[in-house]
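Peer 1: So for the sequence shown, the numbering used here puts the first residue at 555; every next one is plus one.
Note that CB positions come from ideal geometry on N, CA and C, so glycine has one too.
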Amino acid sequence: MALFAAKSLGWVITFFIELLQTKRIYNLGGHAFTASERNFFNAYRLHASRMGVTTNIDVADEELKEEYYMKSLEELSYKWPEVVNRFTTD
555 MALFAAKSLG WVITFFIELL QTKRIYNLGG HAFTASERNF FNAYRLHASR
605 MGVTTNIDVA DEELKEEYYM KSLEELSYKW PEVVNRFTTD
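This is the structure in structure tokens:
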């Protein structure tokens, strides 16, 4: 019973810390990034710096055009259709 209570309390504390960090980041930059999103950005930056490419996570206008990313999305949908189905509407 004590183990269950300690795990539950740990989860609640972690939830509130995450909430506070997300709110702080929103106040600083105007976007509410969760811990998983921040971890993704940091992983991207780590791998980009190891590969010697830019660590800038800003998306250029050119990259927002469908022809820029469609080939990658089609490859992803071929290999992992369940992932694409979770995040697309059609």
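(1) Could you check what DSSP says for ALA586 in three-state terms: helix, strand or coil?
(2) DSSP on LYS619, reduced to helix/strand/coil?
(3) Please report how far the alpha carbon of ARG592 lies from the alpha carbon of THR643, in whole angstroms.
(4) Can you list, in chain order, the residues of its chain whose CB lies under 8 Å from that of GLU572, leaving out five sequence neighbours each side?
(5) Taking the CB atoms as reference points, tell me whether LEU630 and VAL637 lie closer together than 8 Å.
(6) Could you name the residues of the same chain whose beta carbon sits closer than 8 Å to that of LYS577, not counting the 5 residues immediately before and after it, in chain order?
(7) In three-state DSSP terms, what is GLY564?
Peer 2: Looking at the coordinates:
(1) coil
(2) coil
(3) 25 Å
(4) THR588 and ALA589
(5) yes
(6) ALA586
(7) helix
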